[in-house]
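Presented below is the structure to which this report refers.
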Amino acid sequence: MRFKLFQFVKKIETVKSVFTRDGKIHCLTKNNSKFVIESPDDLFKIGVDHVDYSLFGMGDLDYVCDEGRDGIPCINDGNSVENASVSFYNNVKSDINSVIKILSLNVCSIKSKLKAPDLEELCANYDVLCFCESKLDQYDDIEIENFKALPPLNRSNAKCKSGGIIVFVRENIYENVKVLHSSCENVLWFAVNDVLYKNVLFGSVYIPPENSNYSKIDIFDVIEADLIRHTAEKDYNVCLLGDFNARTGIKSDFTLLDGYVCNSVQLEDIVDVVNLENFDVKTSRYNFDKNVNNYGNRLLQLCKNFEILIANGRLGTDKEKGALTCKNCSTVDYCILSPNLFSFVSDFHILPFDHMISDVHNALHIELLCNPIVTCDIENFDKNNIVKPKWDNNNCQLFNDALNADNINDLYERLDSLDVTSVTKDMINDFVVECNDIIIHAATDSNMLKEINVSEKKCRKKPKCKVNKPWFKADCKRKRSDYHKAKCYNWRVKTVDSMNNLVRCSKNYKKVLNCQYNEYRRNFVKKLRNLSLNDPKSYWTLLNRSGNCNGKNKVLEKVSNECFFEHFKKLSNAQEDNDCDFVDVDRNTVTNLNININSPKSVAIRGLIYATV
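Here the sequence shown stands for residues 2 to 614, numbered as in our numbering.
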């Protein structure tokens, strides 16, 4: 019966994908709703109005089910008991923010890229930012508006800043993110709970190149050990993102087993051909880069061991393409997912290369479906009517004639007889209201008040983020405009000359940007030095304004409560030093010493007493 039920669900038009797991049929509808089908009665949940039980060898039943579509009670043919409820469910819509957008990028020094506003404007469109090769140390403090940074992984024991991983999470989902322990500096592990349809274990990865001094043989072994530990503690779905420096070509990233053998030994959880087809994922993986290196083989083995699949060349607009991600000649940046997450990926593609956000790498764009916020649209609502005055010169005489002379004279007499010393706020308000009533009444009679229906238009588009840098002056804006024009032109024509022009414009843009930034820093330091001597108050005001507004709080956050507790515990438990032997001093000796010490003060005081002004 389950096989017949599975085939029936696959043919339903409203079903986007269907697969089996743990003896149950799981399906995802086109409106991104998730259902579990265990019996023919569950078909009403996914929009089936009538079920022929004879198709499943069960015969006809008089009583069909207790609940029909969307939980509305149904009898026999699945029609709703209350027809009025149908219109309510037709008006239910998911919120615009029903996806979590993730950006993964080898940024090649994030501090240098944040000098220009390009990277921050790109980040404003995302919810999670995974940057590798951040090149930071423990003293660097990076901020992006509306984002909170997770504790970064910085490379230690290096002669200069290199490597490193930093992840930013938007403030509204920061509470749902949990940072997990990392055994090495190559992966930053964090889990996102209660936001997506499934709890997901994310790993932001940066693996140095094979010929690098920081390359290690056991890098992939350590990653596998962390994966085993974290997935054993909780049933996470896995998502690995970042720069693996692994070239995998088009080699298979999963073990292909015979479906009949799997069903015979009840191994339905194995990712085989049938399950991949149910996920609408092809077994063959597309990739423009056909080369394979040692790291590539290790990465493919890791995918086979944990039954996770490479999304590049399989999903979104990158499907059947496999775009290059580094220097336009190789694919080393990947998104690797658990098969259960494939149905929840609404988009995946490789962003075009931008010289201002990375040196040689393309960014990865991933969208995962999340739990939607359900809102209801009410059809019969009261429109907002606004009455606005509109002066008409043709009705000027009509307006003058409509003014009530008796009311004006009465108001004037009351104002003239008013005692100024006893005026209250309420009395003033009453006079103003009466004066307004006289004018409004005349405007109404002269047809100078128009009633306008205002409909509230909800903007479903995020406002464009504009980042203002104090060093970003007119020269920088002009060079940036030239760079973007060259970038758009190169995107249209894609010739050698247009590419050379784009590179030249990017270099000019960076050169002017660095000059303006360095000049701003020099002037700022010079101003600080002058103010520290001449105007200390302005000095500290400028220093606090130039720094982070939450700098003091961030410093306190770095010092844990346990550290404070241990510090004051040691102070309170400090033992007195009893080894010191104090010798009794003669009081006369002390007095003589004080006379010699205080003699200059005495002379100065006597001079003040007898001084003449």
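Note that the Cβ used here is the ideal one computed from N, Cα and C, for glycine as well.
- Residue 250 places its beta carbon 8 angstroms or farther from that of residue 133.
- Apart from the 5 residues on each side of it in sequence, residue 215 sits with its Cβ closer than 6 angstroms to the Cβ of 209 in its chain, given in chain order.
- Here residue 416 has 432 as same chain residues with Cβ atoms under 8 angstroms from its own Cβ, once five neighbours each way along the sequence are excluded.
- Cα atoms of residue 175 and residue 485: separation of roughly 33 angstroms, rounded to the nearest angstrom.
- For residue 307, no beta strand (DSSP E) segment is defined; the enclosing uninterrupted segment is the alpha helix (DSSP H) at 295–307.
- Contact between the region 483–503 and the region 521–536 is absent, with fewer than three C-beta pairs closer than 8 angstroms.
- If you ignore the 5 residues before and after residue 435, its C-beta comes within less than 8 angstroms of the C-beta of 408 and 412, all in its own chain and listed in chain order.
- In the DSSP secondary-structure assignment, residue 205 is bridged to 189 and 242.
- When the five nearest sequence neighbours on each side are left out, no beta carbon in the same chain lies closer than 7 angstroms to the beta carbon of residue 438.
- Of the other Cβ atoms in all chains shown, fewer than 16 fall within 10 Å of the Cβ of residue 51; this residue is therefore exposed.
- Counted as a single uninterrupted DSSP element, the beta strand (DSSP E) harbouring residue 368 occupies residues 365–370.
- DSSP lists 171 as the bridge partner or partners of residue 148.
- For residue 44, the CB contacts under 6 angstroms within the same chain, skipping 5 residues up- and downstream, are 52 in chain order.
- Secondary structure of residue 327 (DSSP, three-state): strand.
- The beta-carbon distance between residue 366 and residue 348, rounded to whole angstroms, is 7 angstroms. This is short enough to meet the 8 angstroms contact definition.
- Nearest Cα to residue 323 within the set 351, 307, 118 and 125: 351.
- For the set 312, 221 and 18, the Cα lying nearest the Cα of residue 31 is the one of 18.
- Per the coordinates, the alpha-carbon of residue 496 lies some 10 angstroms from the alpha-carbon of residue 502.
- Around residue 101, the same chain offers 128, 369 and 371 as residues with beta carbons nearer than 6 angstroms, after the five sequence neighbours per side are excluded.
- The secondary-structure analysis by DSSP pairs residue 362 across a beta bridge with 327.
- Counted as a single uninterrupted DSSP element, the stretch harbouring residue 177 is not any alpha helix (DSSP H), since DSSP gives it neither H nor E.
- In this model, residue 139 and residue 167 are separated by some 12 angstroms (Cα to Cα).
- Residue 471 counts as exposed, since fewer than 16 other beta carbons sit within 10 angstroms of its beta carbon.
- When rounded, the separation of the alpha-carbon atoms in residue 136 and residue 151 is 15 angstroms.
- When the five nearest sequence neighbours on each side are left out, the beta carbons in the same chain lying within less than 7 angstroms of the beta carbon of residue 356 are those of 507, in order along the chain.
- Look at residue 516 here: in three-state DSSP terms it is helix.
- For residue 405, the closest of 444, 425, 424 and 395 by C-alpha to C-alpha distance is 444.
- For the pair of segments examined, the region 219–229 was found not to touch the region 154–166: the number of CB pairs separated by less than 8 angstroms stays below three.
- Residue environment: residue 146 is assigned as exposed (fewer than 16 neighbouring CB atoms within 10 Å of its CB, all protein chains considered).
- With a beta-carbon spacing of about 4 angstroms, residue 105 and residue 131 fall inside the 8 angstroms limit used to define contacts.
- Taking residue 399 as the centre and dropping the five residues before and after it, the same chain places the C-beta of 447 closer than 7 angstroms to its C-beta, in chain order.
- Collapsing the DSSP output to three states places residue 490 in a helix.
- Residue 47 sits away from residue 26, with the two beta carbons spaced by 8 angstroms or more.
- Between residue 333 and residue 245, the C-beta spacing is below 8 angstroms.
- 8 angstroms or more divides the Cβ of residue 227 from the Cβ of residue 201.
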